[in-house]
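For the record, the sequence lines run as chains B and C. So for the first sequence, our numbering puts the first residue at 864; every next one is plus one. So for the second sequence, our numbering puts the first residue at 864; every next one is plus one. Ideal placement from N, C-alpha and C gives every residue a C-beta, glycine not left out. No experiment lies behind these values; they were computed from the predicted model shown. Below: one structure, written as structure tokens.
Number of protein chains: 2
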Amino acid sequence: MSKLKLTPEVMALVADRFKALAEPARLQILSCLRAGEMAVSDLVNETGFGQANVSKHLQLLHTMGFVRRRKVGLFVYYALADKGIFQLCDTMCGRVEQEMKRRRKLLAG
Amino acid sequence: MSKLKLTPEVMALVADRFKALAEPARLQILSCLRAGEMAVSDLVNETGFGQANVSKHLQLLHTMGFVRRRKVGLFVYYALADKGIFQLCDTMCGRVEQEMKRRRKLLAG
DNA sequence: CAACTATATTACTGAGTAGCAATTTACATT
DNA sequence: AATGTAAATTGCTACTCAGTAATATAGTTG
């Protein structure tokens with residue numbers, strides 16, 4: 864319960880984490896990882912993004928604590944660090960959904 | 864329960880909303896609004912940001928559905944649109960806190 | 001209507017970063 | 001050791017956007 868004080872410094876840290884999720888490419892990568900652990904090359908194939916690109920996105924997601932890595936020989940397997948990411952994405956997804964519903968109702972009315 | 868399909872288009876919308884929260888200035892504005900409805904000029908005084916700057920941030924937050932507006936004479940009062948924003952920010956704040964705890968433990972050990 | 005005030009908008013500059021190509025690093029196999 | 005492969009890193013270009021100053025818009029008051 865030790866509530867963290869919302870100093871500008873803490874807010875910058877929070878903002879950094881939101882920024883990590885503020886990129887469709889990274890959301891897509893996280894979405895892929897929902898199915899389970901995957902190597903970088905798998906994610907490259909799955910998403911169609913370039914290898915360097917995927918690698919950089921994964922570095923950022925790892926730095927921000929959203930994914931964990933596991934090295935096996937040449938391969939590096941990435942996986943979601945915890946379930947908390949779902950809550951964040953699902954909450955935001957719900958907001959989008961609600962907004963679309965409101966929009967539809969407005970057009971219909 | 865009507866789960867929205869995670870098409871790239873939907874993910875872009877979700878990313879846009881995360882992006883709105885991915886800015887310390889906007890988090891600070893939202894944090895101010897936690898105390899209650901405020902006019903633009905109040906937020907300018909409270910945060911120390913420029914008027915144009917605050918206005919632009921508020922536009923974006925409004926577009927993304929995070930704040931509602933209410934015009935009274937010359938003044939425009941902004942307020943948090945709902946409680947859902949707390950959940951998002953608090954969740955992210957919790958992640959930061961947990962990370963700092965882990966960091967401290969690592970240094971101590 | 002003229003002067004004033006709160007907010008919004010516009011035009012601009014500088015900083016950050018996504019994406020790509022090329023290279024490097026790390027490990028494996030022969 | 002030499003070759004091959006997966007992932008990381010680097011250098012680059014193009015684009016986005018935060019912040020600011022100046023201006024425009026909308027409302028109020030004399």
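_First through last residue of the beta strand (DSSP E) which encompasses residue 942 of chain C_ = In the second sequence, residue 942 of chain C corresponds to position 79, counting from 1. First-last of the beta strand (DSSP E) with residue 942 of chain C: 938 to 943.
_Which runs of the beta strand (DSSP E) at least 3 residues long sit entirely within the segment 882 to 945 of chain C? Give them in chain order._
The qualifying runs are 930 to 935 and 938 to 943.
*Report yes or no: do three or more beta-carbon pairs, one from the segment 949 to 963 of chain C and one from the segment 936 to 956 of chain B, lie closer than 8 angstroms?*
In this structure the segment 949 to 963 of chain C lies against the segment 936 to 956 of chain B, because at least three pairs of beta carbons, one per stretch, are closer than 8 angstroms.
*asked:* Counting only Cβ pairs nearer than 7 angstroms, list the residues of chain B close to residue 882 of chain C.
replied: Indexing the second sequence from 1 puts residue 882 of chain C at position 19. Within 7 angstroms Cβ-Cβ: 885.
*Using a C-beta cutoff of 7 angstroms, does residue 895 of chain B count as contacting chain C?*
As a first step, residue 895 of chain B is located in the first sequence; it is residue number 32 there, counting from the start. Output row for residue 895 of chain B: interface = no.
*How would you write the range of the alpha helix (DSSP H) that residue 869 of chain B sits in, first residue to last?*
On the first sequence, residue 869 of chain B is found 6 positions in, with the first residue counted as 1. Counting along the chain, residue 869 of chain B falls outside any alpha helix (DSSP H), and DSSP gives it neither H nor E.
*Do you know offhand how far residue 896 of chain B's Cα is from residue 959 of chain B's?*
As a position in the first sequence, residue 896 of chain B is number 33, starting the count at 1. As a position in the first sequence, residue 959 of chain B is number 96, starting the count at 1. Residue 896 of chain B and residue 959 of chain B: Cα-Cα distance of roughly 22 angstroms.
*First and last residue of the alpha helix (DSSP H) that includes residue 947 of chain B?*
Reading the first sequence from its first residue, position 84 is the one you call residue 947 of chain B. For residue 947 of chain B, the enclosing alpha helix (DSSP H) covers residues 947 to 971.
*With residue 930 of chain B and residue 941 of chain B assumed to form a contact (beta carbons below 8 angstroms), what rounded beta-carbon distance in angstroms separates them?*
By one-based count along the first sequence, residue 930 of chain B stands at place 67. By one-based count along the first sequence, residue 941 of chain B stands at place 78. Residue 941 of chain B and residue 930 of chain B do touch by the CB rule: their CB atoms are close to 5 angstroms apart, below 8 angstroms.
*Could you tell me whether the Cβ atoms of residue 917 of chain B and residue 906 of chain B are closer together than 7 angstroms?*
As a working note, residue 917 of chain B is residue 54 in the first sequence. As a working note, residue 906 of chain B is residue 43 in the first sequence. In this structure, residue 917 of chain B places its C-beta atom within 7 angstroms of the C-beta atom of residue 906 of chain B.
*Cβ separation of residue 885 of chain B and residue 881 of chain C, assumed to be a contact under 8 angstroms, to the nearest whole Å*: One-based indexing of the first sequence puts residue 885 of chain B at position 22. One-based indexing of the second sequence puts residue 881 of chain C at position 18. So it is a contact: roughly 4 angstroms between Cβ atoms.
*Pick out whichever of B:934, B:915, B:938 and B:948 has its Cα sitting closest to the Cα of residue 928 of chain B.*
Along the first sequence, read from residue 1 onward, the residue named residue 928 of chain B stands at position 65. Here the closest residue by C-alpha is B:948.
_Burial state of residue 877 of chain C, where buried means 16 or more other Cβ atoms lie within 10 Å_ = To locate residue 877 of chain C, count along the second sequence from 1; it is residue 14. Buried is the call here.
*Return the CA-CA distance between residue 883 of chain C and residue 969 of chain C, expressed in angstroms with no decimal places.*
For the purposes of this step, residue 883 of chain C is taken as the residue at position 20 of the second sequence. For the purposes of this step, residue 969 of chain C is taken as the residue at position 106 of the second sequence. Distance between the alpha carbons of residue 883 of chain C and residue 969 of chain C is about 33 angstroms.
*Establish whether the CB of residue 872 of chain C and some CB of chain B are separated by less than 7 angstroms.*
Your numbering for residue 872 of chain C matches position 9 in the second sequence. It does not: the Cβ of residue 872 of chain C has no partner Cβ on chain B nearer than 7 angstroms.
_If distances are taken between C-alpha atoms only, which option among C:946, C:914 and C:963 comes closest to residue 898 of chain C?_
Here residue 898 of chain C is taken as the residue at index 35 of the second sequence, counted from 1. Restricting attention to C:946, C:914 and C:963, the CA atom closest to the CA of residue 898 of chain C is found in C:946.
*asked:* Please state whether the Cβ-Cβ distance between residue 910 of chain B and residue 891 of chain B is less than 7 angstroms.
replied: Locating residue 910 of chain B in the first sequence gives position 47, counting from the first residue. Locating residue 891 of chain B in the first sequence gives position 28, counting from the first residue. Contact: yes.
*Could you please tell me which residues of the segment 898 to 930 of chain C, in chain order, have their CB closer than 8 angstroms to any CB of chain B?*
Listed in sequence order: 928.
*Minimum Cβ-Cβ distance from residue 935 of chain B to chain C less than 7 angstroms*: In the first sequence, counting from the first residue as 1, residue 935 of chain B sits at position 72. No, because no Cβ of chain C sits closer than 7 angstroms to the Cβ of residue 935 of chain B.
_Residue-chain proximity (residue 942 of chain C, chain B), Cβ-Cβ < 7 angstroms_ = The residue you call residue 942 of chain C lines up with position 79 of the second sequence. Residue contact check for residue 942 of chain C against chain B: no CB pair falls below 7 angstroms.
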